[in-house]
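K.L.:
Input: one structure, supplied below.
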Amino acid sequence: MAKRELNEQQKKFIEVLFAEAGGNPHKARQLAGYSEGYNTKVLMEVLKEEVIEATQLYIAMNAPRAAMAVVSGIADPTELGLKEKLNAAKDLLDRAGLVKTEKVQVTAPNGIMILPAKDSGE
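Under my numbering, the first residue of the sequence shown carries the number 1484, and numbering increases by one thereafter.
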């Protein structure tokens, strides 16, 4: 799908949504200069794809801070509120696509594997 061009007011809405409005779409609508009667739900429906894209970018931009928070727990494991900070950092990193990898090693003592019966082909 081709990316559509936003007008200046729509661009302003997306910009202030992740800045001065602090994520509040009603406040962002006002700051972007939309009239008081303009329905925020309609605006969000129109800009849904752009808001999702901007959200992904915002999470990616904050991923380094989350990584630094995880590492800071090593430097000062007695930091007040560290557990909550680490949980939030891990959640953000998961959403950014940096998930913890787990390796599973399967061993068989005799080296015998039981396979399902072959299909008779009928």
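Note that the Cβ used here is the ideal one computed from N, Cα and C, for glycine as well.
Leu1427: which of Thr1538, Gly1564 and Arg1512 sits nearest, CA to CA?
P.N.:
The question about residue 1427 has no answer here: the residues shown for the chain are numbered 1484 through 1605.
K.L.:
Ignoring anything shorter than 4 residues, give me the alpha helix (DSSP H) runs that lie fully in the region 1500-1538, in order along the chain.
P.N.:
The region 1500-1538 contains these whole alpha helix (DSSP H) runs: 1508-1514 and 1523-1529.
K.L.:
In this structure, does DSSP put Gly1556 in helix, strand or coil?
P.N.:
Gly1556 falls in the helix class under three-state DSSP.
K.L.:
Within the continuous alpha helix (DSSP H) that includes Ala1571, where are the two ends?
P.N.:
Taken as a continuous stretch (DSSP letters only), the alpha helix (DSSP H) holding Ala1571 covers Leu1565 to Arg1578.
K.L.:
Cα separation between Ala1579 and Ala1571?
P.N.:
Going from the Cα of Ala1579 to the Cα of Ala1571 covers about 12 Å.
K.L.:
If we count the other Cβ atoms within 10 Å of its Cβ and call it buried at 16 or more, is Leu1475 buried or exposed?
P.N.:
Past the edges of the chain, shown from 1484 to 1605, lies residue 1475, and the structure says nothing about it.
K.L.:
If I measure Cβ to Cβ from Lys1568 and keep anything under 7 Å in the same chain, skipping five residues before and after, which residues do I get?
P.N.:
Excluding positions up to five away in sequence, the list reads Ala1552.
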